[in-house]
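Below is one structure, written out as structure tokens; the observations come after it.
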Amino acid sequence: MSEDMVLHVKGRILVGPEEARDELWVVGGRITFTRPPGAREALTVEGWALPGLVDAHCHVGLDRHGPVAADVAEKQALTDRDAGALLLRDAGSPSDTRWMDDRDDLPRVIRAGRHIARTRRYIRNYAHEIEPDQLVAHVGQEARRGDGWVKLVGDWIDRGAGDLTPCWPREAVEAAIAEAHRLGARVTAHCFAEDSLRDLVEAGIDCIEHATGLTEDTIPLFAERGVAIVPTLVNIATFPDLAAGGEAKFPDWSAHMRRLYERRYDTVRSAWDAGIPVFVGTDAGGSLPHGLVAAEVAELVTAGIPPLQALSATAWGARDWLGRPGLTEGAPGDLVVYASDPRADVRVLAAPRRVVVGGKVVA
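Letter by letter, the sequence shown follows residues 316 to 678 in the working numbering.
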């Protein structure tokens with residue numbers, strides 16, 4: 316398809332959870348609902364169209380060992396793209412992936428800079444590993460480097476304690492989150508356990524990743540403050556294997572991880588029922604492969620989130636949360652077309668008929 320060609324998408328254009336239109340065009344990479352000159356010669360794609368899906372927690376340029384070469388990062392992004400994930404919130408990476416912004420065939424990436432972790436309290440080669448008195452400076456640095464987000468590691472295994480414990484004192488996260496907000500960035504944090512959550516939320520954090528440690532005591536606090544969660548249930552599914560691997564050396568940690576896993580669906584459903592915003596993220600790029608966005612939506616449905624709301628958590632609602640447009644007049648022509656209505660069965664997301672980036676059919 317040449318750059319001057321017009322793309323015509325017809326069928327059912329799902330511009331919102333309850334709103335559909337019959338057709339749209341993409342001209343010069345931008346959506347319009349007004350029939351343009353040259354429409355007669357347009358390339359036509361038919362089906363059920365959604366805005367490009369959102370993976371709100373992945374890692375481009377990262378694998379289980381640390382940063383990867385550019386060609387590997389490219390394959391990661393292409394895998395997400397071909398699965399229909401056209402907007403990625405990169406929740407921490409040591410790689411510089413800014414070169415992707417110049418590629419018109421790759422997903423759009425919203426970066427959170429590099430993880431910020433406590434010394435020797437996270438996966439090797441992933442994060443800035445620092446002490447609390449350095450936290451404000453590093454948050455400021457990553458806020459300037461990122462795209463409006465900063466990523467903290469809120470808890471991790473403490474080998475001395477033999478279990479998950481918070482990484483930061485309350486006063487350190489208060490000052491760091493205030494600095495990020497001063498610079499116009501939102502803050503999110505990796506948190507598996509229970510004990511780190513209250514301090515982070517009361518300090519003003521904007522989002523918690525995984526959030527397996529939510530309880531009846533902290534769920535109301537999240538709801539009151541409007542703190543979002545990205546449960547990454549396809550990643551939480553790995554907890555039993557992780558627990559088995561650490562059983563001999565850290566039995567308390569292993570038992571804790573199993574408890575968090577066993578109640579994972581109840582945790583997510585309770586959060587949803589309380590009004591906590593829930594969004595789709597896969598945690599791809601560490602130990603998990605990319606391209607799992609459809610599987611994560613299905614997991615949210617299994618947890619008890621209504622299918623339409625689980626769909627919104629990767630489509631209209633997720634884009635609103637991240638400040639990116641969906642299928643609106645003048646928006647970038649990033650969309651996915653399916654053979655049937657994904658609102659009726661979210662499993663349709665696993666089989667895109669066409670993937671369109673900037674008005675070009677790329678998959």
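Yeah, the Cβ is synthetic: ideal placement off N, Cα and C, and Gly gets one too.
| Check | Outcome |
| --- | --- |
| What do you get for Val676, buried or exposed, if any count of 16 or more other CB atoms within 10 angstroms of its CB means buried? | exposed |
| Hey, could you find the ends of the beta strand (DSSP E) Asp405 is sitting in? | Ala400 to Asp405 |
| Using a Cβ-Cβ cutoff of less than 7 Å, which residues in the same chain neighbour Thr629 once the five nearest sequence positions on both sides are dropped? | Leu368, Val369, Val595, Val608 and Val612 |
| Could you tell me the distance, in whole angstroms, from the CA atom of Pro409 to the CA atom of Ile425? | 14 Å |
| Kindly list the residues whose CB is nearer than 8 Å to the CB of Ala570, restricted to its own chain and excluding five residues on each side of it in sequence; keep chain order. | Ala558 |
| Given this structure, state the Cα-to-Cα distance separating Pro604 from Leu393, to the nearest angstrom. | 12 Å |
| Alpha carbon to alpha carbon, how far is Thr434 from Gly331? Give it in angstroms, no decimals. | 45 Å |
| Quick check: the Cα distance between Asp470 and Thr480, rounded to an integer number of angstroms? | 6 Å |
| If distances are taken between C-alpha atoms only, which option among Thr412, Ile431 and Gly428 comes closest to Pro422? | Thr412 |
| According to DSSP, simplified to helix, strand and coil, what is Val545? | strand |
| My understanding is that Ile551 touches Ile591, with C-beta atoms under 8 Å, so please give their C-beta distance in whole angstroms. | Rounded, the Cβ-Cβ distance is 16 Å, inconsistent with contact. |
| Is the CB-CB distance between Ile523 and Cys506 below 8 Å? | yes |
| Name the two residues that bound the continuous beta strand (DSSP E) containing Pro366. | Leu358 to Pro366 |
| Are Pro352 and Leu650 close, meaning C-beta to C-beta below 8 Å? | no |
| Using a Cβ-Cβ cut-off of 7 Å (strictly less than) and excluding sequence neighbours within five positions of Gly344, which residues of its own chain qualify? | Pro647, Gly648, Gly673 and Gly674 |
| Please list the terminal residues of the continuous alpha helix (DSSP H) segment that includes Lys742. | Residue 742 falls outside the range modelled here, since the chain spans only 316 to 678, and no answer is possible. |
| For Cys506, which of helix, strand or coil comes out of DSSP? | strand |
| Buried or exposed: where does Lys564 fall if 16 or more other Cβ atoms within 10 Å of its Cβ makes it buried? | exposed |
| For the alpha helix (DSSP H) containing Asp411, list its first residue and its last residue. | That residue, Asp411, is in no alpha helix (DSSP H); it is neither H nor E in DSSP. |
| Is DSSP giving Glu333 helix, strand or coil here? | coil |
| For Leu525, does the count of other Cβ atoms within 10 angstroms reach 16, so buried, or fall short, so exposed? | Residue identity check: residue 525 is His in the sequence provided, not Leu. Buried, by the Cβ-count rule. |
| From Asp598 to Val549, what does the alpha carbon distance come to, in whole angstroms? | 8 Å |
| Considering only residues of the region 633-664, which uninterrupted beta strand (DSSP E) runs meet the minimum length of 3 residues and lie entirely inside it, listed in chain order? | 650-653 |
| With contact counted as at least three CB pairs below 8 Å, one residue from each stretch, are the region 629-639 and the region 582-589 in contact? | no |
| Could you work out which residue in Ala678, Tyr653 and Arg658 is closest to Ala666 when comparing CA atoms only? | Tyr653 |
| Pick from Thr347, Gln456 and Met572: whose alpha carbon is nearest that of Ile472? | Met572 |
| Please classify Ala659 as buried or exposed, where buried requires at least 16 neighbouring CB atoms within 10 angstroms. | exposed |
| Return yes when the Cβ of Ala398 is within less than 8 Å of the Cβ of Gly606, no when it is not. | yes |
| Assign Glu644 to one of two classes, buried (16 or more other C-beta atoms within 10 Å of its C-beta) or exposed (fewer than that). | exposed |
| I need the straight-line Cα distance from Ala500 to Val451, nearest angstrom please. | 13 Å |
| If we call anything under 8 Å between Cβ atoms a contact, is Phe554 one with Leu529? | no |
| Thinking C-alpha only, which one of Leu401, Ile438 and Gly428 is nearest Asp420? | Leu401 |
| On a CA-only basis, which of Pro622, Arg639 and Val663 is nearest Glu333? Give me that one, please. | Pro622 |
| Between which two residues does the alpha helix (DSSP H) harbouring Thr617 extend? | Val608 to Ala618 |
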